[in-house]
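Student:
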Amino acid sequence: MNLNPEVRNNAWQWLSLILRNVLVSLQSEIPSFLLE
145 MNLNPEVRNN AWQWLSLILR NVLVSLQSEI PSFLLE
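Heads up: the sequence shown runs through residues 145 to 180, numbered per this note's numbering.
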């Protein structure tokens with residue numbers, strides 16, 4: 145599968161955004177887990 149650099153960069157931007165959102169949501173939920 146040959147992707148041109150633009151598509152690859154776009155995919156990486158989306159992936160990093162999703163990963164960042166997941167990490168942020170995890171960080172906000174971890175303290176509540178520890179408190180219980």
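We put the beta carbon where it would ideally sit given N, CA and C, even for glycine.
Between the C-alpha atoms of Pro149 and Ser172, what's the straight-line distance to the nearest angstrom?
Tutor: Within the sequence shown, numbered from 1, the residue matching residue 149 stands at position 5. Within the sequence shown, numbered from 1, the residue matching residue 172 stands at position 28. Cα to Cα, Pro149 sits roughly 34 Å from Ser172.
Student: I'd like to check one pair, Leu147 with Ala155: are the Cβ atoms closer than 9 Å?
Tutor: The sequence position of residue 155 within the sequence shown is 11, counting from 1. The sequence position of residue 147 within the sequence shown is 3, counting from 1. Against a cut-off of 9 Å, the Cβ pair of Leu147 and Ala155 comes out as a contact.
Student: If you reduce the DSSP assignment to three classes, tell me which class Asn165 lands in.
Tutor: Position 21 of the sequence shown, counted from the start, is the residue given in the question as residue 165. Correct three-state label for Asn165: helix.
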